[in-house]
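Take a look at the structure below.
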Amino acid sequence: MDQFLQHLLNGVILGGSYALLGIGLTLIFGIMYVVNFTHGELYSFGAYMVFGVVAALHGNFFVALFLAVALGAVLGAGIERSLLRPLRGTSIDTTMLVMIGAWIAMQNAEQLLWTGVAKAIRHPFPEAPLVIGPVSVSWIRIFVFAAAILLIAASHLLIRRTRLGTAMRATFQDRETAALMGVNIDAIHTVTFAFGSGLAAAAGALLGPVFVVFPTMGDLAALKAFAIVILGGMGNFLGATLGGLILGVVEEMGAGYISSGYRDAMGFLIIIVVLLFRPTGLFARAERVG
Amino acid sequence: MSAPAAVLAVEGVEVRFGGLVALSDLSFIVREGEVASLIGPNGAGKTTAFNVITGFLRPAKGAVRYRESLLNGLRPSQVAERGVVRTFQKTSVFGGIPVFENVLIGLHRRGRAKSWEILLALPRVRQEEKRLREEAMELLSFAGLAHRREEPGAALPYGEQRLLEVAVAMAADPSLLLLDEPVSGMNPSETAGFMKMVEKIRGRGITILLVEHDMRMVMGVSDRVVVLNQGRIIAEGPPAEIQRDPDVIRAYLGQGAKRAGG
Amino acid sequence: MRRWPAWAWVAFLASIPLWVRNQYYLHVLINTGIFAVAAMSLNLLLGYTGQLSLGHVAFFGIGAYTSALVSLGFDLQLAAGYTFVFEPRPVWLGFLAGVAVAGLFGWLIGKLSFRVRGAYFVIVTVSFAEVVKLVALNWVDLTEGPMALNNIPPVTLSLPGLGELTFWKKEPNYYLVLAVCLLSYAVIRRLVQSRAGRAFIALRENEALAESVGVDVTRFLVLAAVISAAIAGAAGGLYAHYIKIVDPDIFLFIYTVVMVIMVVTGGKGTLLGPVVGAVIFGILPEILREVARPEVQWIIYGFIMILIVFFLPEGIVPAAASWRKARAASASPLGAAGERA
Numbered sequence: 004m005d006q007f008l009q010h011l012l013n014g015v016i017l018g019g020s021y022a023l024l025g026i027g028l029t030l031i032f033g034i035m036y037v038v039n040f041t042h043g044e045l046y047s048f049g050a051y052m053v054f055g056v057v058a059a060l061h062g063n064f065f066v067a068l069f070l071a072v073a074l075g076a077v078l079g080a081g082i083e084r085s086l087l088r089p090l091r092g093t094s095i096d097t098t099m100l101v102m103i104g105a106w107i108a109m110q111n112a113e114q115l116l117w118t119g120v121a122k123a124i125r126h127p128f129p130e131a132p133l134v135i136g137p138v139s140v141s142w143i144r145i146f147v148f149a150a151a152i153l154l155i156a157a158s159h160l161l162i163r164r165t166r167l168g169t170a171m172r173a174t175f176q177d178r179e180t181a182a183l184m185g186v187n188i189d190a191i192h193t194v195t196f197a198f199g200s201g202l203a204a205a206a207g208a209l210l211g212p213v214f215v216v217f218p219t220m221g222d223l224a225a226l227k228a229f230a231i232v233i234l235g236g237m238g239n240f241l242g243a244t245l246g247g248l249i250l251g252v253v254e255e256m257g258a259g260y261i262s263s264g265y266r267d268a269m270g271f272l273i274i275i276v277v278l279l280f281r282p283t284g285l286f287a288r289a290e291r292v293g
Numbered sequence: 015m016s017a018p019a020a021v022l023a024v025e026g027v028e029v030r031f032g033g034l035v036a037l038s039d040l041s042f043i044v045r046e047g048e049v050a051s052l053i054g055p056n057g058a059g060k061t062t063a064f065n066v067i068t069g070f071l072r073p074a075k076g077a078v079r080y081r082e083s084l085l086n087g088l089r090p091s092q093v094a095e096r097g098v099v100r101t102f103q104k105t106s107v108f109g110g111i112p113v114f115e116n117v118l119i120g121l122h123r124r125g126r127a128k129s130w131e132i133l134l135a136l137p138r139v140r141q142e143e144k145r146l147r148e149e150a151m152e153l154l155s156f157a158g159l160a161h162r163r164e165e166p167g168a169a170l171p172y173g174e175q176r177l178l179e180v181a182v183a184m185a186a187d188p189s190l191l192l193l194d195e196p197v198s199g200m201n202p203s204e205t206a207g208f209m210k211m212v213e214k215i216r217g218r219g220i221t222i223l224l225v226e227h228d229m230r231m232v233m234g235v236s237d238r239v240v241v242l243n244q245g246r247i248i249a250e251g252p253p254a255e256i257q258r259d260p261d262v263i264r265a266y267l268g269q270g271a272k273r274a275g276g
Numbered sequence: 162m163r164r165w166p167a168w169a170w171v172a173f174l175a176s177i178p179l180w181v182r183n184q185y186y187l188h189v190l191i192n193t194g195i196f197a198v199a200a201m202s203l204n205l206l207l208g209y210t211g212q213l214s215l216g217h218v219a220f221f222g223i224g225a226y227t228s229a230l231v232s233l234g235f236d237l238q239l240a241a242g243y244t245f246v247f248e249p250r251p252v253w254l255g256f257l258a259g260v261a262v263a264g265l266f267g268w269l270i271g272k273l274s275f276r277v278r279g280a281y282f283v284i285v286t287v288s289f290a291e292v293v294k295l296v297a298l299n300w301v302d303l304t305e306g307p308m309a310l311n312n313i314p315p316v317t318l319s320l321p322g323l324g325e326l327t328f329w330k331k332e333p334n335y336y337l338v339l340a341v342c343l344l345s346y347a348v349i350r351r352l353v354q355s356r357a358g359r360a361f362i363a364l365r366e367n368e369a370l371a372e373s374v375g376v377d378v379t380r381f382l383v384l385a386a387v388i389s390a391a392i393a394g395a396a397g398g399l400y401a402h403y404i405k406i407v408d409p410d411i412f413l414f415i416y417t418v419v420m421v422i423m424v425v426t427g428g429k430g431t432l433l434g435p436v437v438g439a440v441i442f443g444i445l446p447e448i449l450r451e452v453a454r455p456e457v458q459w460i461i462y463g464f465i466m467i468l469i470v471f472f473l474p475e476g477i478v479p480a481a482a483s484w485r486k487a488r489a490a491s492a493s494p495l496g497a498a499g500e501r502a
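If you read the sequences in order, they're chains A, B and C. Take 4 as the starting number for the first sequence in our numbering and just add one per residue. Take 15 as the starting number for the second sequence in our numbering and just add one per residue. Take 162 as the starting number for the third sequence in our numbering and just add one per residue.
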């Protein structure tokens with residue numbers, strides 16, 4: 004039982020950051036109808052930014068986090084403007100191929116820049132874990148979880164409570180009508196992609212110090228993000244949040260009770276099972292037919 | 015005059031999208047060899063009815079029968095196997111491939127070659143291929159598109175794309191052909207041409223169910239008209255009767271302002 | 162294409178080992194041929210049915226592992242101390258088993274994604290490949306995990322009267338790969354120019370219309386997946402018995418990307434496209450290797466993919482065909498009638 008609680012706690016904490024990843028990807032898919040294969044690279048970009056600022060520039064850890072997210076968003080905006088905007092209106096397969104190309108180029112640029120050796124990020128939190136009854140949790144993980152929850156809440160408010168968020172939702176619902184109502188679709192796309200990229204970078208920046216940083220870390224992250232998005236339903240914010248938490252917990256449980264070697268397989272098994280039984284995702288409302 | 019037997023029977027069909035009732039208790043029949051039209055204001059449920067008949071939508075209630083078989087629950091390809099083939103409201107061709115290939119795909123049902131026979135290149139596969147190509151040419155001539163055979167479907171002008179759609183549907187060897195607003199967007203001379211084509215199709219012994227807004231077309235080609243409004247039937251009969259029916263006039267007048275705009 | 166140039170090409174390809182004596186060049190050509198088979202198989206799904214199989218390397222790897230395991234033999238600890246022992250079998254049997262098992266997984270994926278298309282299909286296939294990779298890594302009893310399967314026997318043919326012929330050298334392996342290439346090409350050509358191939362294309366072009374004229378789209382998608390996976394499995398088998406070592410890195414995602422780049426660059430949905438792509442990207446790394454590090458090579462690949470989509474979305478083969486047609490039309494005032502393919 005104690006072990007179960009420990010796995011559950013670890014899972015939820017991991018899931019918080021997964022949710023960030025998933026939310027970013029699901030927004031990009033829902034609003035732009037782009038399968039963003041660079042998502043994992045934005046994730047590793049975030050982690051490397053923190054590493055670079057902390058290790059190479061001896062910068063402050065929290066400043067590094069902020070910079071990682073901000074520059075991730077800027078990079079995302081750049082990708083959208085240079086690669087996706089010219090392809091607006093082409094098929095989803097076309098943009099998918101371009102995103103795959105960008106993914107490969109970015110990942111290897113990272114490898115060139117930072118070499119393939121895994122790196123650890125130093126963080127200012129005490130090493131001794133916090134022990135609450137039967138479970139223990141490191142302070143950095145507590146911080147990561149709190150930061151993730153904060154970002155999720157902020158994203159939620161942005162989408163629900165601001166004019167920008169309204170415009171994003173309108174574009175998601177019906178692009179043509181939104182355009183007729185005066186929504187600047189180009190701007191919404193850039194902002195959406197930048198926002199989603201910023202969240203991916205945030206996830207990387209937060210999980211980087213928990214694990215280690217290496218150039219191909221983004222691959223699994225991207226694939227997990229896909230799993231989360233499918234779990235929650237494409238374009239579904241709440242679904243992605245819950246999906247992230249579920250994936251975190253399932254992974255921890257799978258690693259704890261089945262085999263740690265198959266930890267990363269959990270997400271894919273989820274994908275396959277969900278698509279088999281509920282292709283619209285677990286949290287989809289009745290879908291429009293036609 | 016004894017009426018020919020009903021071949022298609024739509025019985026008490028109900029369709030809901032979420033909470034919205036798109037069709038409620040819809041029942042009508044189509045008789046062997048006739049041209050029947052389904053008309054009604056926008057949003058009356060005509061295309062929904064087509065989607066139910068051809069297996070693209072599952073009704074919440076009711077049944078669709080064609081000759082001896084029950085159609086609801088079948089997939090569209092299985093419905094086509096039973097001889098019921100439709101065209102689409104929004105122009106729908108295989109845009110990226112030549113017109114001739116479009117019709118060849120339509121002829122899918124008339125081919126019998128199995129995958130293993132194809133891989134072994136049995137002589138009968140080649141013979142069948144030759145036969146299908148001849149049939150495709152014949153159908154293209156029938157639709158007046160023989161001169162376009164090498165062009166990609168999407169490159170055809172609008173009116174010809176609609177003819178191509180019919181040629182593809184005809185290739186599937188229908189005994190009942192459902193046409194969804196085939197002449198919408200056509201100019202009067204194209205429409206007149208299309209009406210001749212409908213007569214030719216009927217001349218081949220094919221029963222036709224038509225959904226159309228163009229009243230000249232409907233009144234010109236139909237034997238019988240079924241009027242749908244807000245998911246239910248409000249009138250049914252020969253064209254001349256329908257034109258005088260007060261309920262029909264009211265339904266259309268109520269929509270008058272909107273129709274003029276669209 | 163008229164008959165004689167095709168045979169001329171085959172004769173040319175068959176003559177290569179007679180005048181290319183450099184073993185390293187032959188090695189590059191063998192690798193290119195293996196990738197060409199894999200790319201052709203991917204093209205069947207990506208180019209003809211329009212479904213991007215982004216886990217294609219899984220079928221390749223499954224073919225390689227199956228073929229290697231059948232020819233090496235293996236034993237598995239089953240429950241209650243019982244050990245299942247599989248004796249080594251001849252290589253050709255392993256190769257066929259690899260094709261069959263890969264095809265079986267293709268069937269599974271096809272069935273699994275019976276109502277998933279586009280983005281969902283892509284993600285299912287990626288996920289599948291990752292799961293397979295993790296299994297290869299973790300099921301050490303069977304696959305040796307990261308320690309790899311070593312000493313995989315090369316292909317052996319017993320010819321009546323000539324005794325055993327073992328494919329140790331480059332030349333026989335070259336001919337073997339060439340033969341599988343030609344066979345795959347012939348199978349795919351036959352298929353796509355038939356009723357089945359038209360059903361694939363119908364799915365790519367307009368699924369609803371295809372269904373409405375009676376094409377059972379799902380059935381044909383499954384068929385395409387099976388044949389595509391089986392051919393990829395054949396490529397994997399060739400690889401295993403040529404390289405003689407198979408490890409979980411065979412499932413690296415980047416190999417799928419290479420196949421996709423080959424197909425897209427050469428021209429998806431054309432018969433020759435993947436072959437042209439495989440030749441370009443089989444030989445390009447050897448040229449790049451002299452001047453650039455592998456990372457730079459991959460970066461270049463990434464940019465090529467982007468540039469192709471932007472500037473040559475059809476791919477090289479269709480672009481060359483329309484260029485030739487245009488040139489023929491302008492060269493002869495009587496028009497392009499004689500140039501029709």
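Note that the Cβ used here is the ideal one computed from N, Cα and C, for glycine as well. Remember, predicted model here, so these are calculated numbers, not experimental data.
At 3 residues or longer, and completely inside the region 324-381 of chain C: list those beta strand (DSSP E) runs for me, N to C.
As far as the region 324-381 of chain C is concerned, its whole beta strand (DSSP E) runs of at least 3 residues are 324-327.
Just to confirm the assignment, what range does the beta strand (DSSP E) spanning C:Gln238 have?
From DSSP, the beta strand (DSSP E) with C:Gln238 extends over 235-238.
Can you tell me the Cα-Cα spacing of B:Arg126 and B:Glu142, whole angstroms?
Distance between the alpha carbons of B:Arg126 and B:Glu142: 8 angstroms.
Name, in chain order, the residues that DSSP records as bridge partners for B:Glu28.
BP columns for B:Glu28 point to B:Lys75.
8 angstroms contact criterion, which A:Ala105 and A:Ile124 should meet: CB distance rounded
Taking C-beta atoms under 8 angstroms as the contact rule, A:Ala105 and A:Ile124 fail to qualify, at a distance of about 25 angstroms.
From A:Leu250 to A:Gly25, what does the alpha carbon distance come to, in whole angstroms?
So the two alpha carbons sit approximately 10 angstroms from each other.
Check A:Thr244 in the structure and name its three-state DSSP category.
Correct three-state label for A:Thr244: helix.
So, helix, strand or coil for B:Arg80, using DSSP?
Looking at the sequence shown, residue 80 of chain B is not Arg but Tyr. In this structure, B:Tyr80 counts as strand in the three-state DSSP scheme.
What does DSSP give as the partner residue(s) for B:Ile43 in the beta ladder?
Bridge partners of B:Ile43: B:Ala23.
Do you know offhand how far C:Arg350's Cα is from B:Glu174's?
Using only the alpha carbons, I get a separation of about 31 angstroms.
A:Val147 and A:Leu210 look like a contact to me (Cβ under 8 angstroms); what is the Cβ gap, rounded to whole Å?
That pair is a contact at about 7 angstroms.
Which same chain residues, not among the five before or five after C:Gly398, have their C-beta less than 6 angstroms away from its C-beta?
Non-local beta-carbon contacts of C:Gly398 in its own chain, meaning distances under 6 angstroms to residues more than five positions away in sequence, involve Gly224, Ser228, Phe256, Gly259 in chain order.
When DSSP labels each residue in this structure, what does C:Ala219 get in the three-state scheme?
Residue state for C:Ala219 is assigned as helix, using DSSP reduced to three classes.
Can you tell which of A:Thr219, A:Phe32, A:Pro89, A:Leu161 has the C-alpha that lies nearest to the C-alpha of A:Ala50?
A:Thr219 is the residue among A:Thr219, A:Phe32, A:Pro89, A:Leu161 whose C-alpha sits nearest the C-alpha of A:Ala50.
From the beta carbon of C:Val277, is the nearest beta carbon of chain B less than 8 angstroms away?
No, C:Val277 does not count as interfacial toward chain B.
Quick one, which of B:Glu48, B:Val49, B:Phe70 has its alpha-carbon nearest B:Val29's?
Of the candidates B:Glu48, B:Val49, B:Phe70, the one whose C-alpha sits nearest the C-alpha of B:Val29 is B:Phe70.
Output needed in chain order: residues of the region 257-290 of chain A with a Cβ under 8 angstroms from some Cβ in chain C.
Within the region 257-290 of chain A, the residues whose Cβ lies closer than 8 angstroms to some Cβ of chain C are Ser262, Gly264, Tyr265, Asp267, Ala268, Gly270, Phe271, Leu272, Ile274, Ile275, Leu278, Leu279, Pro282, listed in chain order.
Does the beta-carbon distance from A:His294 to A:Gly18 come in below 8 angstroms?
Because chain A is modelled from 4 through 293, residue 294 of chain A falls outside the range shown and cannot be assessed.
Check whether the region 381-393 of chain C and the region 189-202 of chain B touch, using three or more Cβ-Cβ pairs below 8 angstroms as the test.
No, because fewer than three Cβ pairs between the region 381-393 of chain C and the region 189-202 of chain B fall closer than 8 angstroms, the two stretches do not touch.
Contact the region 407-422 of chain C vs the region 281-299 of chain C: 3+ CB pairs below 8 angstroms:
The region 407-422 of chain C, when compared against the region 281-299 of chain C, does touch it at the 8 angstroms Cβ threshold.
Reference A:Gly168; option with closest CA among A:Ala224, A:Asp177, A:Thr195
Here the closest residue by C-alpha is A:Thr195.
Using the Cα positions of A:Thr113 and C:Ser214, report the straight-line distance between them to the nearest angstrom.
In the sequence on display, residue 113 of chain A carries Glu and not Thr. If you take the alpha carbons of A:Glu113 and C:Ser214, they lie about 26 angstroms apart.
Say the cut is 7 angstroms; is the CB of B:Leu34 nearer than that to a heavy atom of the ligand MG?
Among the ligands in the structure shown, none appear at all, so the ligand MG cannot be discussed.
Identify every residue that forms a DSSP beta bridge with A:Ser139.
Paired residue(s): A:Val134.
For C:Asp377, which residues in chain B fall below 7 angstroms Cβ to Cβ?
Result: Ser91.
For the beta strand (DSSP E) containing A:Thr165, name the first residue and the last one.
Unbroken run through A:Thr165: none, as it is neither H nor E.
Can you tell me whether C:Thr116 is buried or exposed, with buried defined as 16 or more other CB within 10 angstroms of its CB?
Outside the shown range of chain C, which is 162 to 502, sits residue 116 of chain C, and nothing can be said about it.
Name, please, each residue of chain B whose Cβ falls closer than 8 angstroms to the Cβ of C:Ala520.
Any property of residue 520 of chain C remains undetermined from this structure, which presents chain C solely from 162 to 502.
Short CB-CB distance (under 8 angstroms) between C:Ala280 and chain A:
Yes - at least one Cβ of chain A is within 8 angstroms of the one on C:Ala280.
Does the separation of the CB atoms of B:Pro166 and B:Gly110 fall below 8 angstroms?
For the 8 angstroms CB-CB criterion, B:Pro166 and B:Gly110 form a contact.
To be precise: take each residue of the region 94-110 of chain A, compare its Cβ to all Cβ atoms of chain C, and keep it if any distance is under 8 angstroms. Which residues remain?
The residues in question are Ile95, Asp96, Thr97, Met99, Leu100, Val101, Ile103, Gly104, Ala105, Trp106, Ile107, Ala108, Met109, Gln110.
Supposed contact pair A:Ile145 and A:Leu161 - C-beta distance, whole angstroms, cut 8 angstroms:
Actually they do not touch by this definition, with Cβ atoms about 25 angstroms apart.
Where A:Leu245 and A:Leu202 are concerned, what is the direct C-alpha to C-alpha distance, given to the nearest angstrom?
The alpha-carbon atoms of A:Leu245 and A:Leu202 are separated by roughly 16 angstroms.
Please name the residue, chosen from B:Phe31, B:Val240, B:Ala150, B:Ser155, that lies closest to B:Arg45 on a Cα-to-Cα basis.
It is B:Val240 whose Cα lies nearest to the Cα of B:Arg45.
Own chain residues within Cβ distance below 6 angstroms of C:Ser202, not counting five before or after:
Cβ within range, chain order: Ser389, Ile392, Ala393.
Would you identify the three-state DSSP class for B:Asp259, choosing helix, strand or coil?
Judged by DSSP in its simplified three-state form, B:Asp259 adopts coil rather than helix or strand.
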